[in-house]
Structures are given as structure tokens and as C-alpha cells.
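See structure below.
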Amino acid sequence: MKRWKKVSLALLAVLILSQTPFIYRRYRLGRLHAAIESLNAQRAAAHDDAYTDYKGVLHVHSMLGGHSNGRFEDIVQAAHANNLAFVVMTEHPSAYVNTAEATLKGSHDGVLFLNGSEISAPGEVRLLVVPGIEPPGPDSNSFTAQDIITQATREGRLVFVAYPEQVRDWQLSGFDGMEVYNLYTNSQRVSYSRLFFDGLWSYWSYPELLFATIYEKPAANLKRWDEINAGGNRRAVAVAGNDAHANVGLSLRQLTGQPILELKLDPYERSFRLVRNHVLLEKGQTLDAESLTSALRQGHSFIAFDLFGDAGGFRFSAETTSEKKIMGDEITLPPGGGVRLTASVPVKGRLVFFKNGQVAHEERDAARKELLVNEPGVYRVEIYLDQLGRPLDAAPWIISNPIYVR
Ligand SMILES: [Zn+2]
73 MKRWKKVSLA LLAVLILSQT PFIYRRYRLG RLHAAIESLN AQRAAAHDDA YTDYKGVLHV
133 HSMLGGHSNG RFEDIVQAAH ANNLAFVVMT EHPSAYVNTA EATLKGSHDG VLFLNGSEIS
193 APGEVRLLVV PGIEPPGPDS NSFTAQDIIT QATREGRLVF VAYPEQVRDW QLSGFDGMEV
253 YNLYTNSQRV SYSRLFFDGL WSYWSYPELL FATIYEKPAA NLKRWDEINA GGNRRAVAVA
313 GNDAHANVGL SLRQLTGQPI LELKLDPYER SFRLVRNHVL LEKGQTLDAE SLTSALRQGH
373 SFIAFDLFGD AGGFRFSAET TSEKKIMGDE ITLPPGGGVR LTASVPVKGR LVFFKNGQVA
433 HEERDAARKE LLVNEPGVYR VEIYLDQLGR PLDAAPWIIS NPIYVR
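Residues 73 to 478, numbered by our numbering, are exactly what the sequence shown covers, in order.
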């Protein structure tokens with residue numbers, strides 16, 4: 073064989089070998105796709121109980137505060153296409169416009185919008201405030217995060233601590249909850265070269281399922297959250313943030329602004345499909361700004377990675393001889409008696425019960441589990457879909473808010 077032929081063959085072999093992991097992952101995504109389809113086909117009929125499940129997303133930016141060129145109409149269309157009931161906007165402030173006032177609010181195309189803001193405070197604290205505010209001082213050193221929390225909650229606003237992994241000092245108190253999962257943070261941890269080749273092989277067939285190759289359990293944030301709740305004097309609701317900007321990708325434009333080529337890796341419609349917050353309202357209650365705010369404040373909600381199967385219908389409740397409560401609530405341990413916790417899911421999974429952050433019980437291959445507890449504590453549930461394989465055997469499909477047994 074000629075020398076150049078040998079060299080070309082060797083190069084070809086190296087090229088094929090280097091692509092093997094990406095080709096293999098494309099094959100696995102194909103299998104995952106089929107498994108999710110069959111899982112969704114096995115869903116049990118919806119519960120006939122006292123609650124209705126509304127799904128929505130939180131932590132969304134438009135072009136208003138910079139960092140994004142997302143248009144209102146893209147956001148409304150994406151929410152509508154995902155059948156979302158609500159979207160919580162969280163705009164960055166601007167020196168020129170009150171972005172929280174200017175952003176989407178009220179009902180658009182059947183979707184309820186809340187107009188929030190994302191405020192930076194000293195100590196790497198970022199707060200999602202709903203309805204939004206303008207920063208209370210000229211620069212972020214003229215106020216503290218605690219000032220904002222105290223003032224905003226006194227005014228009836230919701231306050232969630234975003235990016236909790238960055239917060240240096242956890243003496244903060246009075247906030248409503250924390251963003252235990254942030255889609256943007258998760259995607260930043262992935263190497264671009266890996267994402268590029270995975271994209272090359274899998275993007276055209278499974279653009280959304282590419283998320284399965286990067287999804288990681290937010291273990292450190294969950295631990296922090298459990299510690300705060302188990303401490304006894306603070307209660308924090310867990311939410312997931314999409315942190316949707318629609319700004320990752322490539323865009324070539326004419327001087328008039330007309331796009332020549334646009335390749336977006338995080339369009340709103342895709343982001344809104346991956347992870348959501350489901351809110352439970354009592355049947356007969358209408359979803360409006362007030363009921364949504366109140367349900368989020370009380371933690372009548374759960375986080376679900378709906379991409380892997382619609383989590384609508386999940387319930388986590390507690391019952392004694394005299395009380396019946398749902399996630400987010402407190403329930404009193406009756407003297408000499410216990411509290412019956414019940415978790416149920418629309419498809420079978422692995423149901424993991426936590427007490428003060430420690431695994432208290434694990435039930436495999438089950439759609440429902442009742443657990444009788446006789447001790448006070450903060451109880452919550454994570455649901456895993458082991459049958460879907462990696463990463464769903466190690467990263468949760470559903471994260472409930474806790475029930476506080478006092
Ligand atoms: Zn943000």
C-alpha cells in the first residue's frame with residue numbers, strides 16, 4: 073500500500089474512533105426517546121381529588137435588561153406551545169427603564185405572566201423578586217440582600233434566592249424559597265467540545281433530549297435547602313429556574329437587523345419543555361396573580377423534569393385523624409398517633425422519602441406509597457425513573473416541596 077493511503081486510513085480510523093462515544097450517545101438517545109414515549113402511554117388517569125395542577129416556568133428574561141435578545145412574542149408563543157399555565161418573568165434592572173414594569177404581565181394567549189425582577193446584592197446574592205422592583209440604591213453596595221428581602225416580603229412580594237451555590241453567607245432570613253435547580257447553571261458545566269460533537273450527531277433528531285446528556289442532580293443545593301428547612305426556624309420553598317435567555321448560539325445579521333443565519337441552542341420553546349414548576353390549586357379556585365403567588369409562597373408546588381414524562385398528577389400529602397395537608401404545609405403529630413404520608417405518581421418509579429435531608433424510605437417500582445411516621449421532621453419526596461437508565465436513575469424526575477410534621 074502506498075504511504076499516503078496508509079496515512080489516510082490511519083487518520084480515518086482515528087476519526088471514527090474519536091466519534092464513537094458521540095455515536096453511541098445518539099443510539100442511547102434513540103432508545104431513551106422510545107422509552108419516554110412508552111412511559112407516557114402508560115400514564116394513569118388523572119386523580120379525582122381536591123386539586124388542579126398548573127404547570128409553568130420561572131426565571132425568564134427578555135431583551136429588556138440586556139443579556140438577551142428574546143422578544144415578548146417569542147416568549148408568549150413558546151409558553152403557549154408548551155401548554156403552560158403561567159410564566160414568571162425575572163428581568164435584570166436597567167438604568168433607563170423600569171424593566172419589571174415594562175415586562176410581560178397579566179394574561180397573554182391564555183398564559184398568566186407575573187412581572188418579576190432579578191436583583192444583584194453584595195455577597196454574590198441574586199434575588200428573584202415578584203412582582204419586581206428596581207434596585208433600592210444607585211449601586212449594589214448601597215444596600216444589602218437582607219434589606220431587599222425584608223422590604224420586599226413586607227410589601228407582599230415573593231423572594232427567591234437564585235444561584236444558591238454562589239451565596240457566601242447564609243445568615244439570610246425571611247426569603248420565601250430558593251432556586252435549587254437552574255437550567256442555565258447546569259448547562260454551563262458542560263464542555264463545549266463535547267456538546268458540539270453530541271450536537272453534531274444528535275441535534276437534528278433529538279434536539280431536546282440532548283439535555284439528557286448533561287442533566288445533573290443539583291446535590292449541593294438540595295443539601296443546603298434541606299439544612300435550612302431542618303434547622304427549624306426557617307422554611308424555604310424549592311423552585312426550579314429555567315433562566316431562559318434565548319441567547320446561546322450563533323447569529324449573523326445585516327445592518328438592518330434582518331437575520332442572515334440564526335442557530336439558537338436555547339430557544340424558549342425548548343427551555344420551557346425541559347423543567348417546570350407545577351403548582352397545585354384547590355379545585356374551584358381560579359389561577360390568577362394572587363392565587364399563583366400564594367401557592368408559590370406556601371410551597372404548594374413541585375419541580376418536574378417534564379421532558380422525561382409529564383409529571384402532572386403527582387401528589388404528596390399527609391393525613392392524621394383530624395387533618396389533611398399537601399406539600400408545603402405543616403401538620404401536627406397527634407398525641408400517641410402518627411401521620412400518614414402518601415406519595416403517588418402517574419407512572420411507576422422509585423419513590424424516595426427524605427426526613428431532614430436523610431433517606432427515610434425507598435420504594436421501587438411503585439406508583440403509590442403510604443408511609444406512617446411517628447416523629448416530627450421535614451419530609452419530602454424525590455421520584456426517579458430507573459427504567460429510563462442514565463441519568464434518570466441518579467437524577468430526579470420530580471422533587472416535591474416538604475411537609476413539615478410538627
Ligand atoms: Zn437570570
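Where a beta carbon is used, it is the ideal one built from N, C-alpha and C, also for glycine.
Note that the structure is predicted; figures quoted are calculated from it, not measured.
As an exercise, report each continuous beta strand (DSSP E) stretch of at least 3 residues that is fully enclosed by the region 147 to 196, in chain order.
158 to 163, 178 to 180 and 183 to 193
Nearest neighbour of residue 134, chosen from 150, 122, 121 and 123 [CA to CA]
150
In angstroms with no decimal places, state the Cα-to-Cα distance between residue 412 and residue 472.
16 Å
Kindly indicate which residue of 340, 424, 397 and 264 has the alpha-carbon position closest to the one of residue 143.
340
Work out the CA separation of residue 461 and residue 80 for me, nearest whole Å.
38 Å
Cβ of residue 190 versus every heavy atom of ligand 1: is any distance shorter than 6 Å?
yes
Could you give the distance in angstroms between the alpha-carbon of residue 364 and the alpha-carbon of residue 351?
8 Å
Could you check if residue 168 is buried or exposed, using at least 16 other CB atoms within 10 Å of its CB as the buried criterion?
exposed
DSSP three-state label for residue 112, please.
helix
So for residue 399, helix, strand or coil by DSSP?
coil
What does DSSP give as the partner residue(s) for residue 350 in the beta ladder?
127 and 374
Pull up the distance between the alpha-carbon of residue 193 and that of residue 164, whole angstroms please.
12 Å
Any heavy atom of ligand 1 within a distance shorter than 6 Å of the CB on residue 458?
no
Alpha helix (DSSP H) segment containing residue 264, residue limits:
264 to 274
So does the region 291 to 304 actually touch the region 231 to 243, counting three or more Cβ pairs closer than 8 Å?
yes
Report the residue from 138, 111, 89 and 444 whose alpha carbon sits nearest the alpha carbon of residue 383.
111
DSSP on residue 437, reduced to helix/strand/coil?
strand
Note down, in chain order, each residue of its chain lying with its Cβ closer than 8 Å to the Cβ of residue 398, except the 5 sequence neighbours on either side.
123, 352, 372, 387, 388, 389, 390 and 475
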